[in-house]
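In our numbering, the protein residues as written are 1427 to 1668.
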Ligand code: OAD
């Protein structure tokens, strides 16, 4: 794929002091992790309200827990792709670069990114719903159920439907977006709020918006530049050229 990067975009990127990468499920598609919407999307096969919410967990903790264990096993077999890697490279070589992700798959960290604001949590972490004790990946099971020492149920540290985003993480992401000169919007439909507000916070504060997606989205009309192609191909080309 040969990408045409216009002079304006090159210039803006060369002069930028502060970059934010706002990412969604599409950035991990080339690693083999299914997206939520679109042809093979998870939500075409399962109803989110049946699995990804607190009441579903209370009603059938074993089912919800096993679904997350299954997703985690898939994720563990996947590797970060060239999009995650180039972002980590850029982050490690320049000062003000943040990653704000809606993904829970931990692939940005596995690629070497250090500062990652995970708006929807991280599937590798868990916590007790009663005493809030935090667990990593090793959760004790009693009769097949994830149980804390206090007897409470342990749940994945991910944001479910109807829940608030982690406030401190959102505030940091919001600040990074406000201060950004360029915001990359990579592999997201940009329709799930409040996460998607990051896009408009950056825009209202004068950032130059660059979208990377395989197809047009709701966001396309609001950005300065869209690159249509796979994130793992487009992002390395952009950064090779500037
Ligand atoms: P979606 O599944 O809504 O969108 C994935 C986007 O990635 C689509 O716009 C695709 O066109 C694009 N895409 C697919 N493959 C790509 C590739 N190789 N390169 C670039 N783009 C590609 O996922 P999100 O926008 O992340 O929330 O969804 C947002 C939230 O909705 C998720 O975090 C999740 C879900 O409900 C929670 O679970 C709270």
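Glycine included, every Cβ here is placed at the ideal spot set by N, Cα and C.
All values derive from a computational prediction rather than experimental measurement.
{"Check": "Taking 8 angstroms as the threshold, find out whether the region 1533–1550 comes into contact with the region 1463–1471 through three or more Cβ pairs.", "Outcome": "no"}
{"Check": "Per the contact definition of three or more C-beta pairs closer than 8 angstroms, is the region 1438–1447 in contact with the region 1603–1612?", "Outcome": "yes"}
{"Check": "Jot down the residue ranges of each uninterrupted beta strand (DSSP E) in the region 1569–1621, minimum 3 residues, whole runs only, in chain order.", "Outcome": "1580–1584, 1608–1612"}
{"Check": "My guess is that residue 1431 and residue 1664 are in contact by the Cβ rule of under 8 angstroms, so how many angstroms apart are they, rounded?", "Outcome": "6 angstroms"}
{"Check": "By how many angstroms is the C-alpha of residue 1498 removed from the C-alpha of residue 1599?", "Outcome": "25 angstroms"}
{"Check": "From the DSSP output, in three-state form, read off residue 1539 for me.", "Outcome": "coil"}
{"Check": "Could you check how far apart the C-beta atoms of residue 1436 and residue 1636 are, in whole angstroms? I think they sit under 8 angstroms.", "Outcome": "Going by Cβ atoms, the distance from residue 1436 to residue 1636 rounds to 11 angstroms, so no, they are not a contact pair."}
{"Check": "Based on the DSSP output, what are the partners of residue 1675 in its beta bridges?", "Outcome": "Given a span of 1427 to 1668 for the chain in the structure shown, any question on residue 1675 remains unanswerable."}
{"Check": "Since residue 1526 is in the beta strand (DSSP E), which residue starts that stretch and which ends it?", "Outcome": "1522–1527"}
{"Check": "Quick check: does the Cβ of residue 1473 come within less than 7 angstroms of any heavy atom belonging to the ligand OAD?", "Outcome": "no"}
{"Check": "Restricting to runs no shorter than 4 residues, where is the alpha helix (DSSP H) found entirely within the region 1440–1526?", "Outcome": "1468–1471, 1474–1477, 1480–1485, 1487–1503, 1508–1519"}
{"Check": "Nearer than 7 angstroms: is that true of the beta carbon of residue 1593 relative to any heavy atom of the ligand OAD?", "Outcome": "no"}
{"Check": "I'd like the list of long-range same chain contacts for residue 1577, defined as Cβ closer than 8 angstroms, with 5 residues on each side in sequence excluded.", "Outcome": "1556"}
{"Check": "State yes or no: is the beta carbon of residue 1452 nearer than 8 angstroms to at least one beta carbon in chain C?", "Outcome": "Of the protein chains in the structure, only one exists, and it is not chain C."}
{"Check": "Can you look up residue 1436 in the DSSP assignment and give me helix, strand or coil?", "Outcome": "helix"}
{"Check": "Roughly how many angstroms lie between the CA atoms of residue 1554 and residue 1573, to the nearest whole one?", "Outcome": "8 angstroms"}
{"Check": "Could you tell me the distance, in whole angstroms, from the CA atom of residue 1566 to the CA atom of residue 1560?", "Outcome": "12 angstroms"}
{"Check": "Less than 7 angstroms between C-beta atoms, sequence neighbours within five positions excluded: which residues of the same chain meet that for residue 1443?", "Outcome": "1522, 1607"}
{"Check": "Which stretch, first to last residue, makes up the beta strand (DSSP E) that contains residue 1559?", "Outcome": "Residue 1559 -> no beta strand (DSSP E), and no H or E assigned at all."}
{"Check": "Counting C-beta neighbours from all protein chains within 10 Å, is the total for residue 1528 16 or more, i.e. buried, or is it exposed?", "Outcome": "buried"}
{"Check": "Could you tell me which residues DSSP pairs with residue 1550 in its beta bridges?", "Outcome": "Answer by DSSP bridge pairing: none, since residue 1550 is not bridged."}
{"Check": "Out of 1428, 1506, 1623, which one is the CA nearest neighbour of residue 1452?", "Outcome": "1506"}
{"Check": "Please report the straight-line C-alpha distance between residue 1584 and residue 1533, rounded to a whole angstrom.", "Outcome": "15 angstroms"}
{"Check": "Please report how far the alpha carbon of residue 1428 lies from the alpha carbon of residue 1638, in whole angstroms.", "Outcome": "14 angstroms"}
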